[in-house]
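Chains as they are written, first to last, in this note's numbering: chain A, 1 to 344; chain B, 345 to 688.
The beta-carbon is built from N, C-alpha and C at its ideal position, and this holds for glycine as well.
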């Protein structure tokens with residue numbers, strides 16, 4: 001079967017893991033769950049020459065130095081440096097131009113956590129087989145709670161190892177999310193996709209001809225610099241930013257979904273990060289100089305000062321530089337709106 | 345009536361307000377409740393020439409520089425420097441030797457908070473009148489909760505402005521404390537006493553003759569140095585440390601109690617300190633660079649780094665130097681046992 005080309009999307013930064021994640025130390029490049037950064041873990045997950053070719057990273061000028069530093073341990077990695085952010089449809093299209101047209105691309109966000117690498121790799125192979133038959137395949141992550149922060153995918157007619165997509169659903173309200181969970185035929189859309197490069201570009205040209213044309217021009221006018229590729233900024237700037245979901249996946253007649261249960265988390269906030277880390281017998285997760293007394297399910301981490309905690313449960317305490325964050329797990333989604341996070 | 349000599353006992357430090365209170369920055373000398381330190385507030389409370397003479401402070405060598413610095417704004421204050429700590433019976437006896445025998449001493453701890461100064465002063469005058477008649481008077485602080493950390497005083501036969509003491513009670517268990525509260529004839533023993541110096545020394549000599557003799561010798565062998573008095577260390581070292589409650593108040597036949605409701609707190613831990621401070625509409629108390637979101641009854645204070653808090657209730661968060669403390673109000677009594685507090 002065709003070689004799978006991992007395409008790692010490495011843009012954005014997010015503010016909900018502030019104060020650890022900051023403008024100049026963005027989420028993908030931090031060792032949040034274990035010793036690897038999320039970006040390194042994404043590359044390592046695909047570093048299996050039996051199944052994967054070298055990765056193509058699509059990133060922005062702001063992240064370039066982080067990417068180059070952390071990708072150095074993964075020989076053969078190529079990097080496309082976007083002159084400005086134009087969302088995922090354009091980013092994936094850039095990568096599609098830089099691999100063989102009949103190659104299968106496996107598009108992966110760079111800031112998610114996947115606990116079960118083998119399940120991921122098996123699903124990648126299954127998805128690649130469907131992609132090789134002309135399908136545009138989304139990973140359908142087993143929904144384990146009624147999340148309102150994710151898109152959902154409803155399964156339709158069965159295929160080998162997967163299903164046709166019946167429909168993509170926007171972030172639902174809680175009641176809808178609960179009905180999806182009860183229904184059992186919905187998965188989370190984790191933004192992981194597999195398709196042939198040529199198939200993707202054909203579908204993009206069909207549904208977003210202007211976007212497809214602008215990307216082609218940006219690639220044609222671009223230049224290589226060692227492992228880096230720089231698209232033409234003038235052409236790229238004209239692109240209307242759109243997600244791959246809106247531009248292609250929701251419009252194509254050939255969308256498929258491969259269900260997968262692989263311990264996935266988008267590490268979207270301190271609550272999710274707490275859950276992704278392995279806890280001690282009391283469910284506590286600590287890093288750095290921390291003393292906990294009568295605590296349960298507390299995440300406490302510090303880059304210097306000692307943290308001493310008594311009697312707390314389900315709270316995150318983060319000390320980073322000149323910032324101290326204390327939040328309940330329920331409040332974790334509001335971290336991005338704190339003055340410290342918003343005014344970086 | 346006789347002039348009242350305030351005798352301010354300024355020893356010990358305590359660890360339960362760590363990390364703000366530290367070995368080298370002890371509790372009495374910190375501006376914990378308002379802009380005055382607890383020690384300054386104690387002196388200011390008695391700085392009323394209509395009712396009080398200049399204060400006599402009894403302190404230890406370790407606290408001397410703090411005392412001298414903060415007492416400088418209160419002219420006439422004299423300081424007795426104990427060569428080593430020998431508990432309150434000896435400390436009060438030292439002061440009793442340094443005022444006229446017929447003067448009334450008003451013994452005050454230096455690390456408590458009293459919200460209602462007028463109520464304190466009125467009670468002091470009432471107590472002084474009874475002291476002038478030969479009573480050894482304890483302030484009986486109106487009990488407002490079933491505290492297990494305080495001693496209690498049971499009222500007996502009424503006197504003018506007070507009562508004979510029926511008995512002193514050690515720190516009770518919770519059930520006993522609740523019965524005291526329901527009974528209504530028990531007050532908290534806050535360690536504030538009034539008696540004539542001569543009466544006190546007579547009672548001390550009656551019940552603890554060796555202690556009384558050693559103090560007399562320490563005073564006879566001592567020396568003055570400006571506003572300071574240094575007892576003889578050799579004589580003072582021989583003293584068996586004992587509290588004034590054990591040595592005198594529980595033994596004398598002439599113990600009286602003056603009930604008083606004056607917004608008293610021993611500021612014994614972060615819970616008590618939270619309650620002593622004035623809160624905002626949500627009951628929060630902050631100092632320094634603090635942002636609170638969805639918080640209630642939170643105390644948050646920092647000497648530098650910003651604290652950002654989401655969703656917490658009844659929690660204290662204290663940042664001081666290289667230490668970050670986070671404790672529930674219920675857990676506040678365990679602060680002294682934290683490694684940071686215990687191993688200073």
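Practice task
Please name the residue, chosen from 146/A, 128/A, 322/A, that lies closest to residue 162/A on a Cα-to-Cα basis.
Solution key: 128/A
Practice task
Output yes or no for whether 8 angstroms exceeds the beta carbon distance between residue 348/B and residue 397/B.
Solution key: yes
Practice task
Go to residue 216/A, then tell me how far its alpha helix (DSSP H) extends in each direction, as first and last residue.
Solution key: 209 to 220
Exercise for the section: Can you tell me the Cβ-Cβ gap for residue 485/B and residue 604/B, rounded? I've got them flagged as a contact below 8 angstroms. Expected result: 6 angstroms
Practice task
Under 9 angstroms between beta-carbons, which chain A residues line up against residue 560/B? List them in chain order, please.
Solution key: Going along chain A, no residue has its Cβ under 9 angstroms from residue 560/B, so there is no contact; the nearest lies around 46 angstroms.
Problem - Distance between residue 29/A and residue 40/A (C-alpha atoms, nearest Å) - result: 8 angstroms
Exercise for the section: Sort out for me which residues DSSP pairs residue 189/A with in a bridge. Expected result: 140/A, 151/A
Handout entry: Closer than 7 angstroms at the beta carbon, the chain B residues around residue 330/A
Key = 655
Exercise for the section: Would you mind telling me which residues of chain A sit closer than 7 angstroms to residue 628/B, beta carbon to beta carbon, in chain order? Expected result: By Cβ distance, chain A contributes nothing, its closest Cβ being about 13 angstroms from residue 628/B, past 7 angstroms.
Problem - C-beta atoms of residue 596/B and residue 480/B nearer than 8 angstroms - result: yes
Exercise for the section: Indicate whether residue 324/A and residue 138/A have their beta-carbon atoms separated by less than 8 angstroms. Expected result: no
Practice task
Within the same chain, show all residues whose beta-carbon is closer than 6 angstroms to that of residue 558/B, passing over the 5 residues directly before and after it, in chain order.
Solution key: 579, 582, 583
Exercise for the section: Spatial neighbours of residue 685/B within its chain, please: CB distance less than 7 angstroms, with the 5 preceding and 5 following residues excluded, ordered by chain position. Expected result: 359, 362, 679
Exercise for the section: Per DSSP, which residues does residue 265/A bridge with? Please list them. Expected result: 113/A
Exercise for the section: Just tell me which of 413/B, 429/B, 353/B, 365/B has its CA closest to the CA of residue 400/B. Expected result: 353/B
Handout entry: Close Cβ partners of residue 451/B (< 6 angstroms) along its chain, the five nearest in sequence each way excluded
Key = 351, 436, 537
Problem - Assigned exposure category for residue 175/A - 16 Cβ within 10 Å defines buried - result: exposed
Problem - Selected residue, minimal CA-CA separation from residue 658/B, among 586/B, 453/B, 626/B - result: 626/B
Problem - residue 431/B versus 367/B, 585/B, 688/B, residue with shortest Cα-Cα distance - result: 585/B
Handout entry: Of the listed residues 419/B, 593/B, 652/B, 514/B, nearest to residue 493/B (C-alpha basis)
Key = 514/B
Exercise for the section: Go ahead and label residue 426/B buried or exposed: buried means 16 or more other beta carbons lie within 10 angstroms of its beta carbon, across all protein chains shown. Expected result: buried
Practice task
Spell out the partners DSSP gives residue 308/A in its beta bridges.
Solution key: 291/A, 669/B
Exercise for the section: Tell me whether residue 372/B sits in a helix, a strand or coil according to DSSP, three-state version. Expected result: helix
Handout entry: Close Cβ partners of residue 196/A (< 8 angstroms) along its chain, the five nearest in sequence each way excluded
Key = 2, 101, 102, 103, 104, 105, 131, 132, 134
Handout entry: Amino acids of chain A, ordered along the chain, whose beta-carbon sits closer than 8 angstroms to that of residue 667/B
Key = 305, 306, 308
Problem - Sub-8 angstroms separation of residue 208/A and residue 255/A beta-carbons - result: no
Problem - Neighbour flag for residue 15/A against chain B, beta carbons, 8 angstroms - result: no
Exercise for the section: Tell me, to the nearest whole angstrom, how far the beta carbon of residue 219/A is from that of residue 312/A; I am working on the premise that it is less than 8 angstroms. Expected result: Contact flag wrong, Cβ pair sits at about 53 angstroms.
Exercise for the section: Measure the alpha-carbon distance for residue 45/A versus residue 333/A and round it to whole angstroms. Expected result: 28 angstroms
Problem - Length of the line joining the Cα atoms of residue 278/A and residue 662/B - result: 28 angstroms
Handout entry: Within chain B, the residues that residue 25/A reaches when beta carbons sit closer than 8 angstroms
Key = Result: empty, since nearest Cβ-Cβ is about 17 angstroms, beyond 8 angstroms.
Problem - Cβ of residue 339/A within 8 angstroms of any chain B Cβ - result: yes
Practice task
Starting from residue 412/B, follow the alpha helix (DSSP H) in both directions and report where the run begins and ends.
Solution key: 408 to 415
Handout entry: Interface flag, residue 301/A vs chain B, CB-CB below 8 angstroms
Key = no
Handout entry: Which of helix, strand or coil DSSP assigns to residue 424/B
Key = strand
Practice task
Report all residues from its chain with a CB closer than 7 angstroms to the CB of residue 454/B; omit the five preceding and five following residues, and keep chain order.
Solution key: 352, 353, 354, 372, 382, 383, 386
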